[in-house]
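K.L.:
Okay, here's the structure, questions in a sec.
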Amino acid sequence: RLVREFVAQNNTSQIKHVIQILSQEFALSQHPHSRKGGLIGLAACSIALGKDSGLYLKELIEPVLTCFNDADSRLRYYACEALYNIVKVARGSVLPHFNVLFDGLSKLAADPDPNVKSGSELLDRLLKDIVTESNQFDLVSFIPLLRERIYSNNQYARQFIISWILVLESVPDINLLDYLPEILDGLFQILGDNSKEIRKMCEVALGEFLKEIKKNPSSVKFAGMANILVIHCQAADDLIQLTAMCWMREFIQLAGRVMLPYSSGILTAVLPCLSYDDRKKNIKEVANVCNQSLMKLVIPEDDEMDEAKPSMTIPAEPTSEESLSKPEAVTTGCCGLPHHGKNELDVTALNQALFFPCSCERIQVTLNLDGIVQVLDYHLSDTSIGMMTRIAVLKWLYHLYIKTPRKMFRHTDSLFPILLRTLSDESDEVILKDLELLAEIASSPAGQSEEWHAPSDGSDVRPGPVELHVPARAGQLSSSSTKGLECSPSTPTMNSYFYKFMINLLKRFSSERKLLETRGAFIIRQLCLLLNAENIFHSMADILLREEDLKFASTMVHTLNTILLTSSELFQLRNQLKDLKTPESRNLFCCLYRSWCHNPVTTVSLCFLTQNYKHAYDLIQKFGDLEVTVDFLTEVDKLVQLIECPIFTYLRLQLLDVKNNPYLIKALYGLLMLLPQSSAFQLLSHRLQCVPNPELMQTTDNTKPSTNFKRTAASNIDYTELLQHFEKVQNKHLEARHQRAGRAEQLDRRVVL
């Protein structure tokens, strides 16, 4: 009644005096009953002031909010009731004081007393109604408070925060999407709450935001949220990880190349998910889409952009001196591997650094491969990583070599060792992808560049006599890049990494014999499909010619010979060697022969393949001077089995022409004499018994020239020199065997002593 009288008299000083007395002497009194009376009095003042209460809101609200912290739960309830009445009368006039009201309410939402909590909920609903119906809400000043409160760990406080976010998101005049980067991290943390109800509310809120993003992608600050998603895509909680991965998928598809500067971080989060089992099938599927979509963003133009020029709008991917992300919570090195710090992100710094428009047409994005390559290298080197992740890494590297070969060759020296080690992987599929990548590196015209043409290791320099050919690989090289590099036998060389690859592959076989035994043939056969088979055999033969480990050289030659004689992939090469019609084929035969001399039986089989039967007979004659071991006889046995295979059908048919192939028959009889009485002996003996009597095979047609004569006249090969080379190599092997035997004998004596 007193306040109404003062209002009627327009006596503002008296009104303020009454409010001051109620505040200072009652509401803030030390006596609890006085405080209760003061709260009731302030509410009564507000009711009496009516529409004029807005002029005194500061004086009315502050003492009431102070009582929110009172130890007495009944006093806190009275404070809620008083503030409810004040707000109900003032309505929209309270909005300038919204932040302090929100702050007070957020504390009461977690109050342990149910009555206080109930009262705060009534006040909360009233305040939401006022905000919804008003168009004067100051979102800018509210966001810092929301960002602070969103990191509360209290379930009720979290529920309170999410409810307000949902309300603000539903108001057409309030564009909360502009400030999403500031609260997105907090939302994902709330998504991991133990309460199903809160998780569901948070899912709904995030779903509404994502719908809005899809509707208005042009106004979304994708860059400001990229690193936040990277963090939560690596969360231990399945729901958080799946939701973040779904957001990442949409971001990559909507923002396009704007996301490229964050590629290393995205790959760090996505790649491990590709190896998830069926328990996390949904995450795996979404991660796969993210991976494929991100890969498509890399284009050939990225190889032409000058990396020295900074990006015009989007920040370049971080180097070793910079972190991938501005927020304090995730600092990353150049490889984009996150190191987690605080739970909260420094969103202010994030906003200052990363708020950019999303229009890809107006933004030039420079692809910096350093971070991407280091992430890929890290995941390929990690032995605990799953098979599908390793395959994805190899696909990424292959894709980068196809799209950006010039830039990728700067990383080849660092990638080469790990790619070679990957050949020992347990998975055939991983090895196949690895071989595809190594084949691309070895044959890419970008590797011809003088900038990285000379290998750092002098041993990798290719000797002059070796002639290698570039294989035809349609669809992989642009017309401009293949100009002057037609894929024909006349092309002089492949790039510098081919020979380096062959050397290191043989070194790996030498140091890891199990790999040679279990996967050697598989690896070489696949390489013959991916590259030029003649190049591979020519280069390996040349390298083995200089091999100091004679035992390995013999084993390797045996492996190569078996592949040459039995693999369907080498049908064309066998036909080329069978006739020796061209200088190239004769050159290849001589090169193979010199290395094949490390293994006597394979040398004979090479002569059978090339129809050099007289020389095969001469070699077998020399076998009498060699040390005949069980391994030697086993190889002769295998050769006899091979002669019965389809590969040597032409050889068996030539046995019909006894007159023109006497040395073939002599060579086969020579093998027969070497064999003990075994199944192979019986097999070859039965075959030779089928050789017809030359008199019975005579025909009246004497005009047909001798095939053997024609081949001899065309070959021009110095077989005497080849025979001398064979004896020289075998003498080396004999000396090496004696040395090994001597060392073994000395070791036995030491053991006995």
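The numbers in full-length UniProt numbering rise by one with no breaks, and the one at position 683 of the sequence shown is 683.
Heads up, the beta-carbon is just placed ideally off N, CA and C, and yes, glycines get one too.
Since this is a predicted model, take the numbers as computed values, not measurements.
Are the segment 76-89 and the segment 118-127 touching, with three or more C-beta to C-beta distances below 8 Å?
P.N.:
These segments touch.
K.L.:
Alpha carbon to alpha carbon, what distance is there between ASP303 and ARG410?
P.N.:
Between ARG410 and ASP303, the C-alpha separation is close to 12 Å.
K.L.:
Skipping 5 residues on each side, what residues in its chain have a beta carbon closer than 7 Å to that of LEU570?
P.N.:
For LEU570, where only same-chain residues beyond five positions count, the Cβ hits under 7 Å are CYS528, ALA533, ILE563 and LEU564.
K.L.:
If you pair each beta-carbon of the segment 183-195 with each one of the segment 158-173, do three or more pairs fall below 8 Å?
P.N.:
The segment 183-195, when compared against the segment 158-173, does touch it at the 8 Å Cβ threshold.
K.L.:
Within 10 angstroms of the Cβ of GLN582, are there 16 or more other Cβ atoms? Answer buried if so, exposed if not.
P.N.:
Per the sequence presented here, residue 582 reads as Thr, with Gln not at that position. By the 10 Å Cβ count, THR582 comes out exposed.
K.L.:
My understanding is that PRO32 touches LEU75, with C-beta atoms under 8 Å, so please give their C-beta distance in whole angstroms.
P.N.:
Confirmed, about 6 Å.
K.L.:
Do HIS615 and SER554 have their C-beta atoms closer together than 8 Å?
P.N.:
Not in contact: HIS615 and SER554 (Cβ atoms no closer than 8 Å).
K.L.:
Nearest to ILE402 by alpha carbon, out of LEU376, PRO300 and LEU419?
P.N.:
Of the candidates LEU376, PRO300 and LEU419, the one whose C-alpha sits nearest the C-alpha of ILE402 is PRO300.
K.L.:
Can you find the residues in the same chain that come closer than 6 Å, C-beta to C-beta, to THR348, ignoring five residues on each side of it along the sequence?
P.N.:
Caution applies to THR348, whose pLDDT of 36 falls short of 50 and renders its modelled position unreliable; the value that the coordinates give is listed next. Answer for THR348: no residue qualifies.
K.L.:
Ignoring anything shorter than 3 residues, give me the beta strand (DSSP E) runs that lie fully in the segment 612-697, in order along the chain.
P.N.:
Those beta strand (DSSP E) runs which fall completely within the segment 612-697 and span 3+ residues do not exist here.
K.L.:
So does the segment 223-236 actually touch the segment 264-279, counting three or more Cβ pairs closer than 8 Å?
P.N.:
With a cut-off of 8 Å, the segment 264-279 and the segment 223-236 count as touching, because enough Cβ pairs lie within range.
K.L.:
I need the straight-line Cα distance from LEU108 to ALA205, nearest angstrom please.
P.N.:
In a straight line, the C-alpha of LEU108 is about 22 Å away from that of ALA205.
K.L.:
When burial is assigned at 16 or more other CB atoms within 10 Å of the CB, is ASP625 buried or exposed?
P.N.:
Exposed.
K.L.:
What are the boundary residues of the alpha helix (DSSP H) that LYS221 is part of?
P.N.:
Here LYS221 belongs to no alpha helix (DSSP H), and DSSP marks it neither H nor E.
K.L.:
How big is the Cα-Cα spacing for SER13 and LEU39?
P.N.:
Using only the alpha carbons, I get a separation of about 20 Å.
K.L.:
With distance defined between alpha-carbon atoms, name the residue in ASP657, LYS622, ALA667 and THR629 nearest to ILE643.
P.N.:
Selected option, being the one with the closest Cα: ALA667.
K.L.:
Return the CA-CA distance between HIS17 and TRP247, expressed in angstroms with no decimal places.
P.N.:
Approximately 56 Å, taken between the alpha carbons.
K.L.:
At the level of alpha carbons, what is the spacing between TYR499 and LEU544?
P.N.:
Their backbone Cα atoms lie some 13 Å apart in a straight line.
K.L.:
Which of the three DSSP states is assigned to LEU420 in this structure?
P.N.:
Of the three classes helix, strand and coil, the one that applies to LEU420 here is helix, per DSSP.
K.L.:
To the nearest angstrom, report how far apart TRP396 and HIS738 are at their CA atoms.
P.N.:
Between TRP396 and HIS738, the C-alpha separation is close to 51 Å.
K.L.:
What first and last residue would you give for the alpha helix (DSSP H) that runs through SER53?
P.N.:
Segment: none, SER53 is in no alpha helix (DSSP H) and carries neither H nor E.
K.L.:
Looking at the structure shown, is GLU81 part of a helix, part of a strand, or coil, going by DSSP?
P.N.:
GLU81 falls in the helix class under three-state DSSP.
K.L.:
Return helix, strand or coil for GLU133, following the three-state DSSP convention.
P.N.:
Correct three-state label for GLU133: helix.
K.L.:
I need the DSSP call for ILE314, collapsed to helix, strand or coil.
P.N.:
Annotation note: pLDDT 41 at ILE314 (below 50); position unreliable, coordinate value reported separately. Reduced to three states, the DSSP call for ILE314 is coil.
K.L.:
Quick one: complete alpha helix (DSSP H) runs, 4+ long, within the segment 67-132?
P.N.:
The qualifying runs are 73-90 and 98-108.
K.L.:
Quick one: using the 10 Å Cβ neighbour count with 16 as the cut-off for buried, is ASP138 buried or exposed?
P.N.:
Exposed is the call here.
K.L.:
Assuming VAL365 contacts ARG257 under a Cβ cut-off of 8 Å, what Cβ separation, rounded to an integer in Å, is found between them?
P.N.:
The Cβ separation is near 5 Å, so the contact holds.
K.L.:
Spell out whether any CB of chain C is found under 8 Å from the CB atom of LEU75.
P.N.:
This model lacks chain C altogether, as it is built from one protein chain only.
K.L.:
To the nearest angstrom, how far is the alpha carbon of ALA79 from that of VAL64?
P.N.:
Cα-Cα distance, rounded: 6 Å.
K.L.:
Within the continuous alpha helix (DSSP H) that includes MET295, where are the two ends?
P.N.:
It spans 281-296 - the alpha helix (DSSP H) in which MET295 sits, taken as one unbroken run.
K.L.:
Kindly indicate which three-state DSSP category PRO172 falls into: helix, strand or coil?
P.N.:
Reduced to three states, the DSSP call for PRO172 is coil.
K.L.:
Look up ALA521 in the DSSP assignment and say whether it is helix, strand or coil.
P.N.:
It is helical.
K.L.:
Can you list, in chain order, the residues of its chain with a C-beta nearer than 7 Å to that of LEU210? Leave out the 5 residues immediately preceding and following it.
P.N.:
Same-chain partners within the cutoff: TRP247 and GLU250.
K.L.:
For the putative contact between LEU577 and LEU588, defined by C-beta atoms under 8 Å, what is the C-beta separation to the nearest angstrom?
P.N.:
With a Cβ gap of about 7 Å, LEU577 and LEU588 count as contacting.
K.L.:
Using the beta-carbon count (16 or more within 10 Å), is THR412 buried or exposed?
P.N.:
So THR412 ends up on the buried side.
K.L.:
Under the rule that 16 or more other beta-carbon atoms within 10 Å means buried, what is PRO465, buried or exposed?
P.N.:
Since pLDDT at PRO465 reaches only 36, below the 50 mark, its modelled position is unreliable, and no value is offered.
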